[in-house]
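J.:
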Amino acid sequence: MISLSGLNAAQRQAAETIDGPLLILAGAGSGKTRTITYRIAHMVDNLALPQKSILAVSFTNKAAKEMRERIIGLLGKKKARGLTMATFHSLGVKILKKEISKLGYHKNFSIYDSADQSAIMREALKSFKAGKQFDQKIIMAKIGKLKNQGIGPDDYADSEYFDDEDPYDHATHYVYDYYQDKLKFYNAIDFDDILFLTVKLFTDFPEVAKQYSEQFRYIMIDEYQDTNNLQFDLITGLTSTHNNLCVVGDDDQAIYSFRGADITNILSFERMFPGAKVVKLEENYRSVSSILELANKVIKENINRRDKTLWSQRKSSHTPLLWSMANTEHEAEVISDEISKHQSNGGHLGDIAVLYRSNTQAQPFEEVFRMNQIPYTIIGGQKFYEKKEVKDLMAYLTVILNPKDQLQLRRILNIPNRGIGSRTLEKYLEKSEQEDISLYEALYRYPDLDPNREKHIRDFTGIITKFKEVFDLQSLPEAISKLVEDIGFYEFIDKSYDSAKQVERRRNDVNFFIESAERFVKYNGAHATLKNFVEKLLLQDNQDTEEDEDDDIRKNEVTMMTFHSSKGLEFDTVYMVGVEEESLPHKNTIKNGEDISEERRLCYVGITRAQQKLIMTYCKERKLYGKDTPRFISRFINELDKDGFCVHQDRTTFGHMTEEEADDYKKGFFANLIDGLDDDSMF
DNA sequence: TCGTCCGGCGTTTTT
DNA sequence: CGCCGGACGA
1 MISLSGLNAA QRQAAETIDG PLLILAGAGS GKTRTITYRI AHMVDNLALP
51 QKSILAVSFT NKAAKEMRER IIGLLGKKKA RGLTMATFHS LGVKILKKEI
101 SKLGYHKNFS IYDSADQSAI MREALKSFKA GKQFDQKIIM AKIGKLKNQG
151 IGPDDYADSE YFDDEDPYDH ATHYVYDYYQ DKLKFYNAID FDDILFLTVK
201 LFTDFPEVAK QYSEQFRYIM IDEYQDTNNL QFDLITGLTS THNNLCVVGD
251 DDQAIYSFRG ADITNILSFE RMFPGAKVVK LEENYRSVSS ILELANKVIK
301 ENINRRDKTL WSQRKSSHTP LLWSMANTEH EAEVISDEIS KHQSNGGHLG
351 DIAVLYRSNT QAQPFEEVFR MNQIPYTIIG GQKFYEKKEV KDLMAYLTVI
401 LNPKDQLQLR RILNIPNRGI GSRTLEKYLE KSEQEDISLY EALYRYPDLD
451 PNREKHIRDF TGIITKFKEV FDLQSLPEAI SKLVEDIGFY EFIDKSYDSA
501 KQVERRRNDV NFFIESAERF VKYNGAHATL KNFVEKLLLQ DNQDTEEDED
551 DDIRKNEVTM MTFHSSKGLE FDTVYMVGVE EESLPHKNTI KNGEDISEER
601 RLCYVGITRA QQKLIMTYCK ERKLYGKDTP RFISRFINEL DKDGFCVHQD
651 RTTFGHMTEE EADDYKKGFF ANLIDGLDDD SMF
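Residue numbers (UniProt numbering): 1 to 683.
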């Protein structure tokens with residue numbers, strides 16, 4: 001029996017409402033995960049609802065994993081078995097693996113990321129008359145939007161989004177058609193297709209939707225404010241036979257509209273699901289009240305929102321600070337000094353985060369932190385599977401699985417260089433078109449198309465054939481190592497980069513790739529097939545490929561990341577840097593005359609990450625693209641009546657310090673200066 | 001086939 | 001300022 005007495009009244013009400021539509025409006029730090037994990041535990045343990053009938057969907061594998069672990073903590077492993085915790089995409093893939101043949105694809109489809117997408121669209125645009133006049137990015141964005149509306153290439157011309165007068169729309173139509181055709185021919189689907197095709201499956205085959213809906217009689221959706229229209233349609237399909245839908249989210253933290261998230265999903269939940277119950281979680285267990293007061297004040301400027309007021313029992317003497325800095329180097333130095341002070345007072349660096357609007361802002365901090373020997377870690381940036389060498393190896397694995405995948409095949413045809421260049425490729429592409437066979441089949445059947453290249457072609461197809469078998473017989477990491485060796489991949493890396501540092505980094509990427517295969521095998525045993533491995537990597541499902549269990553205990557490192565990446569996390573001390581006009585709100589949002597409320601929400605997300613201390617900074621001048629540009633405080637802070645909410649201090653002078661502090665600071669400052677001179681005196 | 005040079009451009013990104 | 005993609009020449 002699970003006791004719900006540890007929940008507050010609102011949380012408890014949310015956990016006990018099981019039937020019918022339910023919206024849990026969970027403010028930042030209000031114990032959302034706690035509430036939903038207790039809700040599930042309650043359903044299983046107290047109400048004896050079958051595990052198999054419960055589905056919880058989140059956006060990230062990390063969130064899904066955390067939920068699973070916490071439920072196991074409540075129920076134990078045995079009782080938690082049979083619950084489905086998925087991401088939208090992993091759920092889609094799971095369904096498509098079983099059903100995709102109904103849509104005319106084969107079961108071993110490849111999954112394409114946005115780089116692959118872009119490559120095919122570029123090709124499509126090239127083949128379009130006067131394709132040069134069009135910006136591929138705009139077309140790609142249009143297609144992305146169409147997919148998110150559930151509009152396929154065939155429906156486009158009749159849709160409200162198609163303007164017959166607009167040449168761009170004609171180009172888009174052509175590219176969309178070409179693109180989707182190619183994908184099918186390659187037996188590939190892109191990230192959007194995972195949802196698009198699942199929804200199509202549900203629409204074209206309502207009996208399939210019915211079957212899944214009957215299986216999952218209780219559905220929970222996390223971060224509901226971030227769902228897009230396709231995800232909404234997917235949810236509708238899954239609830240086609242019942243309406244036991246519980247969604248959890250916070251409209252004030254909706255920051256992904258640029259990716260197609262539609263905030264109206266959460267704003268009009270009751271209209272979409274009549275009879276819905278709404279529970280607000282407003283007590284915050286994270287931040288001291290002064291920080292929450294500032295957060296509330298900032299977000300109340302937005303008009304179209306569900307009214308909420310976060311409150312906290314935690315009092316503190318700290319008032320959020322707003323510091324003005326001279327420029328980006330100064331900003332980094334002052335913060336670095338503060339962190340050094342914290343460190344020498346015995347403070348833990350894992351308690352500190354530096355948050356910014358864009359990744360480029362991390363650079364000056366990196367430099368200064370390195371110089372002052374402050375350990376740090378940067379979250380975000382390039383994804384592991386997006387690194388070139390990893391993509392190359394993944395392409396090999398993909399082709400071994402799905403030789404129809406022309407894109408991946410073309411990627412590796414001449415990697416490492418084996419004298420099969422664009423001329424030869426052209427010939428084979430022509431051949432494959434003539435005979436209506438895949439590129440791989442053309443290579444395999446006609447190795448002597450150009451007698452000069454015959455050996456190279458045979459070598460290549462030989463590798464693929466051989467490794468189909470190798471991967472069957474040997475373990476995943478063994479087979480990959482052998483592949484790396486056989487194709488001379490390390491030697492290829494060595495000669496591809498001049499700097500030893502680059503070579504080492506890339507070699508390490510390859511090693512890490514092999515290691516992740518080892519871990520994958522260790523965790524998945526018999527399920528550790530090549531296909532599952534490639535799929536997991538693509539879906540960023542690193543839960544057992546990356547080292548685990550350091551989530552609750554942070555390393556002794558300062559964490560740096562974007563406001564976006566910080567959603568859901570918390571830190572004792574938060575530095576929000578570059579709180580400036582044209583950064584937050586971002587200049588493109590201002591320029592386009594767009595609604596800036598999402599930028600304000602981003603500011604709100606940043607503020608609500610802080611538990612004890614919040615310091616916001618802005619620079620009077622910032623170096624942008626090599627030019628010094630004057631900057632001003634963000635309107636989000638400047639527009640407020642700041643008295644009592646936030647203390648404005650000018651860090652370019654010592655005016656904010658006591659005399660003693662200023663003296664200490666100057667001493668340190670001049671000492672640094674002299675150190676600097678010593679270094680420079682070498683010249 | 002492959003390497004070099006030039007010009008354009010520059011947010012955020014859970015999959 | 002620095003990266004990436006396309007053009008062009010060896």
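We treat Cβ as the ideally placed atom computed from N, Cα and C, and that holds for glycine.
Note down, in chain order, each residue of its chain lying with its Cβ closer than 7 Å to the Cβ of F205, except the 5 sequence neighbours on either side.
T.: As a first step, residue 205 is located in the first sequence; it is residue number 205 there, counting from the start. Contacts found: K102.
J.: Going by beta-carbon coordinates alone, are T465 and L281 separated by less than 8 Å?
T.: Taking the first sequence and counting its residues from 1, one reaches residue 465 at position 465. Taking the first sequence and counting its residues from 1, one reaches residue 281 at position 281. It is not a contact, given that the beta carbons lie outside the stated cut-off.
J.: Should R370 go down as buried or exposed, given a rule of 16 or more other Cβ atoms within 10 Å for buried?
T.: For the purposes of this step, residue 370 is identified with residue 370 of the first sequence, where counting begins at 1. R370 is exposed by the Cβ-count criterion.
J.: Candidates Q540, V605, I374: which alpha carbon is nearest V558's?
T.: Along the first sequence, one-based indexing puts residue 558 at 558. Minimum Cα distance to V558 is reached at I374.
J.: Looking at the structure shown, is I299 part of a helix, part of a strand, or coil, going by DSSP?
T.: If you number the first sequence from 1, residue 299 lands on position 299. Here I299 sits in helix by DSSP.
J.: Identify, in the order they occur along the chain, each residue of the same chain with its Cβ nearer than 6 Å to the Cβ of R418, setting aside the five sequence neighbours on each side.
T.: For this step, residue 418 is matched to residue 418 along the first sequence. Excluding sequence neighbours, R418 sits near H456.
J.: Just the Cα atoms here: how many angstroms apart are N296 and K32?
T.: If you number the first sequence from 1, residue 296 lands on position 296. If you number the first sequence from 1, residue 32 lands on position 32. Near 18 Å, if we compare the C-alpha coordinates of K32 and N296.
J.: Which ranges would you report for the beta strand (DSSP E) in the stretch 278-363 if only whole runs of at least 3 residues count?
T.: Correct list: 321-325, 352-356.
J.: Please confirm whether R357 and H586 have their CB atoms less than 8 Å apart.
T.: Translated into positions along the first sequence, residue 357 becomes position 357. Translated into positions along the first sequence, residue 586 becomes position 586. Yes; because the gap between Cβ atoms is below 8 Å, this pair is in contact.
J.: Just the C-alpha distance for K200 and L23, rounded to the nearest angstrom, thanks.
T.: Reading the first sequence from its first residue, position 200 is the one you call residue 200. Reading the first sequence from its first residue, position 23 is the one you call residue 23. Cα to Cα, the separation comes out at about 26 Å.
J.: Thinking K531 and N108 are a contact (beta carbons under 8 Å), I'd like their distance in whole angstroms, please.
T.: To locate residue 531, count along the first sequence from 1; it is residue 531. To locate residue 108, count along the first sequence from 1; it is residue 108. Yes, they are in contact, since the Cβ atoms of K531 and N108 sit about 7 Å apart, within 8 Å.
J.: Looking only at DSSP bridge pairs, what is G644 linked to?
T.: The residue given as residue 644 occupies position 644 in the first sequence. None, per the DSSP bridge assignment.
J.: Helix, strand or coil: which one does DSSP assign to E621?
T.: Taking the first sequence and counting its residues from 1, one reaches residue 621 at position 621. Looking at E621 - three-state DSSP - the assignment turns out to be strand.
J.: Can you round the beta-carbon distance between M43 and A56 to whole angstroms, since I take them to be within the 8 Å contact cut?
T.: Taking the first residue of the first sequence as 1, we reach residue 43 at position 43. Taking the first residue of the first sequence as 1, we reach residue 56 at position 56. 11 Å between Cβ atoms; not a contact.
J.: When you compare each of T529, H173, L245, K145 to I400 by their alpha carbons, which one comes out closest?
T.: On the first sequence, position 400 is the one that residue 400 refers to. Here the closest residue by C-alpha is T529.
J.: Within its chain, find whatever has a CB closer than 6 Å to the CB of G237; leave out the 5 residues flanking it on each side and keep chain order.
T.: By one-based count along the first sequence, residue 237 stands at place 237. F202, A209, listed in sequence order.
J.: Is P21 closer than 8 Å to L245 when the C-beta atoms are compared?
T.: Start at 1 with the first residue of the first sequence, and residue 245 comes out as number 245. Start at 1 with the first residue of the first sequence, and residue 21 comes out as number 21. Yes, Cβ-Cβ distance for L245 and P21 is below 8 Å.
J.: Out of S481, K388, L409, point me to the one whose CA is closest to Y497's CA.
T.: Residue mapping note: residue 497 aligns to position 497 of the first sequence, counting from 1. When each option's Cα is compared against that of Y497, the closest is K388.
J.: What's the call for W323, buried or exposed, on a 16-neighbour Cβ count within 10 Å?
T.: Your numbering for residue 323 matches position 323 in the first sequence. With 16 or more Cβ atoms within 10 Å of its Cβ, W323 is classed as buried.
J.: Quick check on G676: buried or exposed, where buried means 16 or more other Cβ atoms within 10 Å of its Cβ?
T.: Counted from its first residue, the first sequence places residue 676 at position 676. In this prediction, G676 has a pLDDT of 41, which is less than 50 and means its spatial position is unreliable; nothing more can be read from the coordinates.
J.: Ordered along the chain, which non-local residues of its own chain (more than five positions away) have a Cβ less than 6 Å from that of residue 726?
T.: The shown model of the chain, from 1 to 683, leaves out residue 726, and the question about it has no answer.
J.: Report the residue ranges of all alpha helix (DSSP H) runs contained in full by the stretch 99-157; include only those spanning at least 4 residues, in chain order.
T.: The qualifying runs are 114-127, 136-148, 153-156.
J.: How do the stretch 138-154 and the stretch 168-181 stand: do at least 3 beta-carbon pairs fall below 8 Å, yes or no?
T.: In short, these stretches touch, since the Cβ pair count reaches three.
J.: For I54, count neighbouring C-beta atoms within 10 Å of its own C-beta (all shown protein chains included) and say buried if the count is 16 or more, exposed if not.
T.: As a first step, residue 54 is located in the first sequence; it is residue number 54 there, counting from the start. By the neighbour-count rule (16 or more Cβ atoms within 10 Å), I54 is buried.
J.: Express the C-alpha separation of L640 and E547 in angstroms, rounding to a whole number.
T.: Here residue 547 corresponds to residue number 547 of the first sequence, with the count starting at 1. Here residue 640 corresponds to residue number 640 of the first sequence, with the count starting at 1. For E547, the predicted structure reports a pLDDT of 47, less than 50, and the residue's modelled location is therefore unreliable. The matter cannot be settled from this model.
J.: Less than 8 Å between the CB atoms is what I'm expecting for G249 and Y224, so what's the real figure, rounded?
T.: The residue labelled residue 249 in the question sits at position 249 within the first sequence. The residue labelled residue 224 in the question sits at position 224 within the first sequence. Between Y224 and G249 the Cβ distance is about 3 Å, and since that is below 8 Å, they are a contact.
J.: Throw me the rounded Cβ distance for the E367 and V577 pair, which I believe falls under 8 Å.
T.: Within the first sequence, the letter at position 367 stands for residue 367. Within the first sequence, the letter at position 577 stands for residue 577. About 14 Å separates the two Cβ atoms, so there is no contact after all.
J.: Go ahead and pull the three-state DSSP assignment for L23.
T.: Here residue 23 refers to the residue found at position 23 of the first sequence. The answer is strand: DSSP assigns L23 an E or B state.
J.: Could you say which of E16, A10, G29, M1 lies nearest to Y604 if we only look at CA atoms?
T.: Translated into the one-based positions of the first sequence, residue 604 becomes position 604. That would be G29, whose Cα lies nearest to the Cα of Y604.
J.: So who's on the other strand from H586, going by DSSP bridges?
T.: Within the first sequence, numbered from 1, the residue matching residue 586 stands at position 586. E582, S583.
J.: Under the three-state reduction of DSSP, which class applies to T172: helix, strand or coil?
T.: As a first step, residue 172 must be located in the first sequence, where it is residue number 172. Helix, per DSSP.
J.: In whole angstroms, what is the alpha-carbon distance linking A115 and I379?
T.: To locate residue 115, count along the first sequence from 1; it is residue 115. To locate residue 379, count along the first sequence from 1; it is residue 379. Taking the straight line joining both Cα atoms gives about 21 Å.
J.: Would R259 be called buried (16 or more neighbouring beta carbons within 10 Å of its own) or exposed?
T.: On the first sequence, residue 259 is found 259 positions in, with the first residue counted as 1. So R259 counts as exposed.
J.: Do the CB positions of H527 and I255 come within less than 8 Å of each other?
T.: Position 527 of the first sequence holds residue 527. Position 255 of the first sequence holds residue 255. Not in contact: H527 and I255 (Cβ atoms no closer than 8 Å).
J.: When the Cα atoms are used, what is the spatial distance from E549 to I138?
T.: Position 549 of the first sequence, counted from the first residue, corresponds to residue 549. Position 138 of the first sequence, counted from the first residue, corresponds to residue 138. Per-residue confidence for E549 stands at a pLDDT of 45, beneath the threshold of 50, marking its modelled position as unreliable; no derived number is given.
J.: Would a C-beta distance cut-off of 8 Å place M175 and A119 closer than the cut-off?
T.: Indexing the first sequence from 1 puts residue 175 at position 175. Indexing the first sequence from 1 puts residue 119 at position 119. Correcting the residue identity first, residue 175 is Val in this sequence and not Met. No, the pair does not count as a contact, with Cβ atoms beyond the cut-off.
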